[in-house]
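The structure appears right after this line, and notes come after that.
In the working numbering, the protein residues as written are 335 to 536.
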């Protein structure tokens, strides 16, 4: 069951609020053609968790489907580093407890005709403790359209950007990828050899 909450939409079960979802932006206005970041903030009840993009042996990742006007572009979800969680039956999963901000970069078109924009997205998630309950909500965020903008929600976005996996030490030097080995999730790194610029004298 979904109940309206002051700062977003809350998922309730047996009178207990399990998940509250809200859309937030890192800007106070939309500037035509200028990318900005929107985050889906999920707050979970104590001991309940949602899932990472690779959920493990069970679970489902949170999804966000945007309903934007033509000409708008949306980037991939940026997933913070997850926690290892244990679901009923000693099933190993990866997810988030208490709170998570899932960020996406949004680029508006270079021409906007209205004085404000309402961004709408359908969010869906699976929240688990001893049982798992699917949840979801249609969320909206309205921002004015302006020729300039200021940063917003700086502390929250800064904190979760620091929790994103880092591209170390650079794609030209090494690449990293995740893989599943049994019930374990492993991070592999591959060093790239640079072609030698030395010529052999004849």
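Glycine residues also receive a C-beta, built at the ideal position from the N, C-alpha and C atoms.
Fair warning: this is a prediction, and the values are worked out from it, not measured in the lab.
With a cutoff of 8 Å on beta-carbon distance, residue 361 and residue 483 are scored as near each other. Residue 390 is bridged by DSSP to 427. Judged by DSSP secondary structure, residue 490 falls within the alpha helix (DSSP H) whose first and last residues are 488-495. Of the candidates 453, 479, 488 and 469, 469 places its Cα closest to the Cα of residue 396. No Cβ-Cβ contact shorter than 8 Å links residue 490 with residue 434.
Annotation for residue 355: the continuous beta strand (DSSP E) segment containing it runs 350-359. Ranked by how close their Cα comes to the Cα of residue 459, the residues 472, 453 and 448 have 472 in first place. Around the beta carbon of residue 481, fewer than 16 other beta carbons lie within 10 angstroms, which makes this residue exposed. Under the DSSP assignment, residue 469 falls in the beta strand (DSSP E) whose first and last residues are 466-478.
Annotation for residue 452: the continuous beta strand (DSSP E) segment containing it runs 450-462.
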